[in-house]
Each structure stands twice: as C-alpha cells, then as structure tokens.
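If you're matching positions, the sequence shown starts at 0 in numbering that gives the first Met the number 0 and goes up one per residue.
Using N, Cα and C, we set each Cβ at its ideal position, and we do this for glycine too.
Working notes for the structure below.
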Amino acid sequence: MSATFDAKFDDGKEDGALRTIGEVCKALGIKAHVLRYWEQQFPMLNPLKRSGGRRYYRATDVAMVEQIDRLVNREGYTLKGAQQALQPSKSAAQPSAKQPVAPQIQPRNPSSGQTAASQNDVVTADVIAKIRSIRTKLAAALDA
0 MSATFDAKFD DGKEDGALRT IGEVCKALGI KAHVLRYWEQ QFPMLNPLKR SGGRRYYRAT
60 DVAMVEQIDR LVNREGYTLK GAQQALQPSK SAAQPSAKQP VAPQIQPRNP SSGQTAASQN
120 DVVTADVIAK IRSIRTKLAA ALDA
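This is the structure:
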C-alpha cells in the first residue's frame with residue numbers, strides 16, 4: 000500500500016505529518032465514531048495512541064482509511080468483504096519455492112489507455128448496478 004493519499008489537509012503540515020482523528024475526519028468526510036469502529040473491525044488500521052487515548056494517524060493509516068471508505072461506501076462492500084479484500088493473500092505473502100514470483104504488471108488497452116484493473120472496476124460497477132436493479136425489481140414483486 001502506498002503512503003500517498005488523496006485526502007486534502009489544509010492545516011499547513013507536511014504530507015507525512017501525524018494527523019489527529021479530527022483532522023482525518025474533516026479531510027475525508029467521515030465521522031469520528033465510524034473511524035473508531037473501523038479500527039476495531041480492521042486490525043491493519045492501527046493509528047498511534049498517546050496518553051489519554053489520543054489517536055494520531057500516519058500517512059499509511061490515512062491511506063488505509065481511504066481504501067476502507069472506497070470499498071465500503073463507494074463500491075458497496077460489506078465490512079467482512081472489505082476485510083477480505085484488504086487482507087494479503089497467503090499465497091502472495093508466502094510464495095512457494097516451486098512458484099517463481101512474477102512482477103504484477105497492469106496491461107494497457109491501447110485503444111483507451113486504461114489499465115486492465117480500471118477496466119475491471121468499470122465492469123464491476125456495471126455488474127453492481129445490474130444486481131441492484133434486479134434486487135429492486137425482486138423487492139417490488141415480493142411486495143405485490
């Protein structure tokens with residue numbers, strides 16, 4: 000995971016500076032109680048805690064919060080699904096001696112300039128939209 004993040008902080012601090020929970024909440028538009036809950040649900044989200052329980056988020060913590068927010072609030076993942084998506088796979092963490100580790104390369108589609116991953120995101124968004132439409136129709140049919 001990259002230490003860069005998209006959050007916009009207007010506090011004059013350097014990009015890698017520690018941030019309080021209030022600063023992270025304001026920059027990302029997430030409530031403090033939600034961040035505290037996510038800390039319980041996602042063990043990899045572990046901000047520094049000082050005396051009195053005051054939380055300080057590192058750049059990597061902010062990037063993790065952004066990923067969780069994207070998965071849960073924009074892509075429709077459940078918390079359990081987001082946890083699984085953010086967990087490193089066992090095969091990637093511990094490569095077998097028989098399997099060479101190949102670099103992960105995102106092939107480009109020459110006609111659109113998009114990576115295969117971004118194309119998959121578009122396809123995934125379309126599938127989610129279709130599933131939601133089916134869910135709505137099914138609910139209407141069951142209520143009738």
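Alanine 35, enclosing alpha helix (DSSP H) - first and last residue: Looking up residue 35 in the sequence shown gives position 36. Reading off the sequence shown, one finds arginine at residue 35, where the question assumed alanine. Its alpha helix (DSSP H) spans residues 31-40.
Roughly how many angstroms separate the alpha carbons of serine 132 and phenylalanine 41, rounded to a whole number? For the purposes of this step, residue 132 is taken as residue 133 along the sequence shown, with counting starting at 1. For the purposes of this step, residue 41 is taken as residue 42 along the sequence shown, with counting starting at 1. Those two C-alpha atoms are separated by around 30 Å.
Return the first residue and the last residue of the alpha helix (DSSP H) that valine 23 is part of. Here residue 23 corresponds to residue number 24 of the sequence shown, with the count starting at 1. Looking at the DSSP string, the run of the alpha helix (DSSP H) that includes valine 23 is 20-27.
Ignore the nearest five residues each way along the sequence and tell me which others in leucine 17's own chain have a CB closer than 8 Å to its CB. As a first step, residue 17 must be located in the sequence shown, where it is residue number 18. Answer for leucine 17: Leu47, Tyr55, Tyr56, Arg57, listed in chain order.
If you count every other CB in all the chains shown that lies within 10 Å of the CB of leucine 27, and 16 or more means buried, which is it? Start at 1 with the first residue of the sequence shown, and residue 27 comes out as number 28. The residue is buried, with at least 16 neighbouring Cβ atoms inside 10 Å.
Based on the DSSP output, what are the partners of leucine 47 in its beta bridges? The residue given as residue 47 occupies position 48 in the sequence shown. DSSP, once it has assigned bridges, lists Tyr55 as partnering leucine 47.
Candidates Arg53, Lys7, Lys136, Gly75: which alpha carbon is nearest aspartate 125's? As a first step, residue 125 is located in the sequence shown; it is residue number 126 there, counting from the start. Among Arg53, Lys7, Lys136, Gly75, the Cα nearest to that of aspartate 125 is on Gly75.
Provide the residue span of the alpha helix (DSSP H) that contains alanine 84, from first to last. Translated into positions along the sequence shown, residue 84 becomes position 85. That run of the alpha helix (DSSP H) goes 78-85.
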